[in-house]
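S.K.:
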C-alpha cells in the first residue's frame, strides 16, 4: 500500500529512483549530518539496492502528493523479539526543507510501525547539531534519552550524537489510533 | 467476466492493486511489507506461476474489456483434495457489483469439476463484511473464528475461517 500522510505518501523504492538518490548523496549539504559520507557512485547505489531486496531493512521513497520524489525513510535493525527498530530519514530536495514534509513522513512511518507492525520502541541517533531533524522528531513525540559523546568522526573532527526514542504507549496516548472503517 | 491464467506480464497489475490501501484494508495484514516494488512484484508473480500448488487467474471484465482483479487457489493439497481460495477486486470502482461473486463461483466450478477437489477454504478478516457476504452467497459456511488473528490499526483483530464442500456447491 502507499502509506498516506497529510503532505506525503510513502511507497516502495523503485529502480528508477536510484539516480535521484545518488544525486542527493553527492550533495554535501544533504549528507552533512548523515552516517553515509559520499561520494557515491551509481554502481555502489545499485549494489545497495540489490542488497536491500534481499535483506531485513526497509527503505521507502517519500513522494509529495503531487508525485514528486523528495526523499526516503528507512527502518533498520528490526528486532521482532524485543519489537524495536531504528529509523532514519533523508529529504534530498532542499527546497522542501522546513515545510513539514519530514515530520509528516516520520509520523506516517511511526504510525505504521506502531499500529500495524505492533512495534514497542522506535529509536535513532541524530547529530547533536542537526537541529532540524531533532525538532522534527520531537514534534512526532520522540524524547532525547542520551548523548553518544564524540562517537563519529566527520570532516576533520569528532561529532556527538543524541539518541532519541518513542514507545508504543506514548504514541497511543496521543490518541492517534484509528478505528476500523475510518 | 472471464478468468484468464496469470502470466508474468501481469506483474504491473498486481503492483497497482497491492499498493492500494483500500484494497489491502480487507486482507488483514498478510504481507509484512506495506508496499511492494515492481521488482519484487515480478519475483512474486514468477513464484506463483512456477508453483504447481497454486493456480491463479486475472479477472477480466468482458463488458469494459478491463482487468479488474485476481483470484486463485493456493496450497492445493492433492492427497486431501483441498485448497485455499484467495481473491481481490483490485479496481475499486468495480466493488459491490457482483464481480467478486461471479469470479468465486467460476473458480469453485473449476476447482470441483475440473481439478476434482473436495473442499475449498478461505480466511477472511471479520471487518471485511463485503467479503463475508460474498462468500456466504456463494455457499461458504463459517468453520470458526481465529481470535485476535492479526494486528491492525493498533489492536489485535479476529478473522473467520470459511469453507465449502463439493456437495454443497450449487445447492
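Chains as they are written, first to last, in the working numbering: chain Z, 2 to 183; chain L, 2 to 172.
Ideal placement from N, C-alpha and C gives every residue a C-beta, glycine not left out.
Are the Cβ atoms of residue 166/Z and residue 146/Z separated by less than 9 Å?
M.R.: Looking up residue 166/Z in the first chain gives position 165. Looking up residue 146/Z in the first chain gives position 145. It is a contact, given that the beta carbons lie within the stated cut-off.
S.K.: Going along the chain, which residues of the segment 8-31 of chain Z sit with their C-beta nearer than 8 Å to a C-beta in chain L?
M.R.: 11, 12, 13, 14, 15 and 16
S.K.: With a threshold of 9 Å between beta-carbons, can residue 115/Z be considered close to chain L, or not?
M.R.: On the first chain, position 114 is the one that residue 115/Z refers to. So yes, residue 115/Z belongs to the interface.
S.K.: Do we get a CB-CB distance below 9 Å when we pair residue 149/L with the residues of chain Z?
M.R.: Stepping through the second chain from its first residue, residue 149/L is reached at position 148. No - not a single Cβ of chain Z is within 9 Å of the one on residue 149/L.
S.K.: Are the segment 48-55 of chain L and the segment 65-83 of chain L in contact at 8 Å, needing three or more beta carbon pairs?
M.R.: yes
S.K.: Looking only at its chain, what residues have a beta carbon closer than 8 Å to the beta carbon of residue 50/Z, apart from the 5 residues adjacent to it on each side?
M.R.: On the first chain, position 49 is the one that residue 50/Z refers to. Excluding residues within five positions, the ones whose Cβ falls inside 8 Å are 14, 16 and 19.
S.K.: Please say whether residue 142/L and residue 149/L have beta carbons closer to each other than 9 Å?
M.R.: Numbered from 1 along the second chain, position 148 holds the residue referred to as residue 149/L. Numbered from 1 along the second chain, position 141 holds the residue referred to as residue 142/L. The Cβ-Cβ distance between residue 149/L and residue 142/L does not fall below 9 Å.
S.K.: Strictly below 7 Å CB to CB, what residues from chain B border residue 119/Z?
M.R.: Of the chains in the structure shown, none is chain B; the protein chains are Z and L.
S.K.: Taking the straight line between their C-alpha atoms, what separation do you get for residue 48/L and residue 134/Z?
M.R.: Position 47 of the second chain, counted from the first residue, corresponds to residue 48/L. Position 133 of the first chain, counted from the first residue, corresponds to residue 134/Z. The straight-line gap from Cα to Cα measures roughly 41 Å.
S.K.: By a C-beta neighbour count over all protein chains shown, 10 Å radius and 16 as the cutoff for buried, is residue 13/L buried or exposed?
M.R.: The residue given as residue 13/L occupies position 12 in the second chain. When all chains shown are included, residue 13/L counts as exposed.
S.K.: CA-CA distance, residue 52/Z and residue 116/Z?
M.R.: By 1-based counting over the first chain, the position of residue 52/Z is 51. By 1-based counting over the first chain, the position of residue 116/Z is 115. Going by the C-alpha atoms only, they are around 27 Å apart.
S.K.: Within 10 angstroms of its Cβ, does residue 98/L collect 16 or more other Cβ (buried), or is it exposed?
M.R.: Working through the second chain from its first residue, we reach residue 98/L at position 97. Residue 98/L should be labelled exposed.
S.K.: CA-CA distance, residue 41/Z and residue 125/Z?
M.R.: The sequence position of residue 41/Z within the first chain is 40, counting from 1. The sequence position of residue 125/Z within the first chain is 124, counting from 1. Each residue's Cα considered, the two are about 23 Å apart.
S.K.: Taking the continuous beta strand (DSSP E) assigned at residue 91/Z, which residues delimit it?
M.R.: Looking up residue 91/Z in the first chain gives position 90. Taken as a continuous stretch (DSSP letters only), the beta strand (DSSP E) holding residue 91/Z covers 85-92.
S.K.: I need the straight-line Cα distance from residue 156/Z to residue 129/L, nearest angstrom please.
M.R.: On the first chain, position 155 is the one that residue 156/Z refers to. On the second chain, position 128 is the one that residue 129/L refers to. If I take the Cα positions, the gap works out to 55 Å.
S.K.: What residue range is occupied by the uninterrupted alpha helix (DSSP H) comprising residue 115/Z?
M.R.: Here residue 115/Z corresponds to residue number 114 of the first chain, with the count starting at 1. 102-116 is the span of the alpha helix (DSSP H), which, as asked, contains residue 115/Z.
S.K.: Rounded to whole angstroms, what's the CA-CA distance from residue 11/Z to residue 124/L? Just pull it up for me.
M.R.: Position 10 of the first chain holds residue 11/Z. Position 123 of the second chain holds residue 124/L. Going from the Cα of residue 11/Z to the Cα of residue 124/L covers about 28 Å.
S.K.: Given residue 183/Z, which residues of its chain have a CB within under 6 Å of its CB, disregarding the five upstream and five downstream residues?
M.R.: For the purposes of this step, residue 183/Z is taken as residue 182 along the first chain, with counting starting at 1. Residue confidence is low: residue 183/Z scores 44 on pLDDT, short of 50, so the model does not pin down where it sits. Its coordinate-derived value is still stated next. The answer is none, since no qualifying residue turns up.
S.K.: Under 9 Å between C-beta atoms, does residue 46/L make it to chain Z?
M.R.: The residue given as residue 46/L occupies position 45 in the second chain. Chain Z, which has no Cβ nearer than 9 Å to the Cβ of residue 46/L, makes this no.
S.K.: Quick one, which of 166/L, 39/L and 89/L has its alpha-carbon nearest residue 81/L's?
M.R.: Taking the second chain and counting its residues from 1, one reaches residue 81/L at position 80. Ranking the options by Cα distance to residue 81/L, first place goes to 166/L.
S.K.: What separation, rounded to the nearest whole angstrom, lies between the Cα atoms of residue 111/L and residue 88/Z?
M.R.: Indexing the second chain from 1 puts residue 111/L at position 110. Indexing the first chain from 1 puts residue 88/Z at position 87. Those two C-alpha atoms are separated by around 47 Å.
S.K.: How about residue 122/Z: is its Cβ closer than 8 Å to a heavy atom in the ligand SAM?
M.R.: Summarising the ligand content, the structure contains no ligands, and the ligand SAM is consequently not present.
S.K.: Would you please verify whether the beta carbon of residue 54/Z is less than 9 Å from any beta carbon of chain L?
M.R.: For this step, residue 54/Z is matched to residue 53 along the first chain. Yes, residue 54/Z lies at the interface with chain L (some Cβ there is under 9 Å from its Cβ).
S.K.: Would residue 39/L count as contacting chain Z if we go by Cβ distances under 9 Å?
M.R.: Here residue 39/L corresponds to residue number 38 of the second chain, with the count starting at 1. Yes, contact with chain Z.
S.K.: Count the other CB atoms, across all protein chains shown, that sit within 10 Å of the CB of residue 109/Z; report buried if there are 16 or more and exposed otherwise.
M.R.: What you label residue 109/Z is simply residue 108 of the first chain in a count that begins at 1. Answer is buried; the Cβ neighbour count reaches 16.
S.K.: Tell me whether residue 52/Z sits in a helix, a strand or coil according to DSSP, three-state version.
M.R.: On the first chain, residue 52/Z is found 51 positions in, with the first residue counted as 1. Reduced to three states, the DSSP call for residue 52/Z is helix.
S.K.: Out of 107/Z, 158/Z, 7/Z and 24/Z, which one is the CA nearest neighbour of residue 74/Z?
M.R.: Locating residue 74/Z in the first chain gives position 73, counting from the first residue. Of the listed residues, the one whose Cα sits closest to residue 74/Z is 107/Z.
S.K.: When we look at the beta-carbon of residue 24/Z and count the other beta-carbons within 10 Å, is it buried (16 or more) or exposed?
M.R.: The residue you call residue 24/Z lines up with position 23 of the first chain. It is exposed - the Cβ of residue 24/Z has fewer than 16 other Cβ atoms within 10 Å.
S.K.: Can you tell me the Cα-Cα spacing of residue 170/L and residue 163/L, whole angstroms?
M.R.: As a first step, residue 170/L must be located in the second chain, where it is residue number 169. As a first step, residue 163/L must be located in the second chain, where it is residue number 162. If you take the alpha carbons of residue 170/L and residue 163/L, they lie about 14 Å apart.
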